[in-house]
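Below is one structure, written out as structure tokens; comments come after it.
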Amino acid sequence: MSEQQEHGAAKTFVEDRYFARGHGRLKVRETLMILVLWVVLLYPVAVLANSVAPDAPIWSALYHGAYEDGEELVRFLARAVAIVVVVVVLLSSTALLLRNNHRERKVYPERTTYDAAGAARRKAALEAMYHDRFGDEDFRRSARYYAVAPEQNLPTGFVHELLGDLTDAGPEVTE
285 MSEQQEHGAA KTFVEDRYFA RGHGRLKVRE TLMILVLWVV LLYPVAVLAN
335 SVAPDAPIWS ALYHGAYEDG EELVRFLARA VAIVVVVVVL LSSTALLLRN
385 NHRERKVYPE RTTYDAAGAA RRKAALEAMY HDRFGDEDFR RSARYYAVAP
435 EQNLPTGFVH ELLGDLTDAG PEVTE
């Protein structure tokens, strides 16, 4: 790999100062922030579990509401989550249907989304390799049992190397 390619590849990586040497204040600040946010997330769940406990509070240091309050809160949260799930499913399904219909009517008829000539070249290269290693197509299709000799096994990365310069993804189809 050339130096220019290595430099280009290095630009694509994301650097995180949290895991680099030094940056102690950053590590302390972010770790404390995460711990506080976990407490903010888990404290209401613990209070709810404490309030739903029918006999005695599970944790005496936490707030313990009446059992009925906890039960009412659980029912409310279950309804709210169910409504949110239904709304999200409906909205995302509608958005995906509209997008797919748009692409089906506008994008696919006007643009090819793959290189047909390149696919034919790749298929021909694979067929030539199969013919060299395993015999002609009629023989391969008519064989009911075929033992592959060890030298006929494909090495790791063989097909990738074979099709390396024949593979051209081309420009991405965007709207």
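Be aware that the sequence shown starts at 285, since it is given in our numbering, and climbs by one per residue. A virtual CB, placed ideally from N, CA and C, is assigned to each residue, including glycine.
For I318, the three-state DSSP class (helix, strand or coil): helix
Spatial neighbours of V369 in its chain, beta-carbon cut-off 7 Å, leaving aside the 5 residues before and after: none
Buried/exposed call for G354, threshold 16 Cβ in 10 Å: buried
Rounded separation between A433 and E445 - CA only: 21 Å
Residues near G349 in its chain [Cβ-Cβ closer than 6 Å; skip 5 each side]: S335
Opening and closing residue of the alpha helix (DSSP H) in which K407 lies: 400-418
Option in T378, K390, F360 with minimal Cα separation from L332: F360
Whether Y351 touches P338 by CB criterion (8 Å): yes
Distance, V371 Cα to A379 Cα: 12 Å
Cut-off 8 Å between Cβ atoms - residues of its own chain near Y429, not counting five sequence neighbours on either side: none
CB of W343 within 8 Å of CB of A330, strictly: yes
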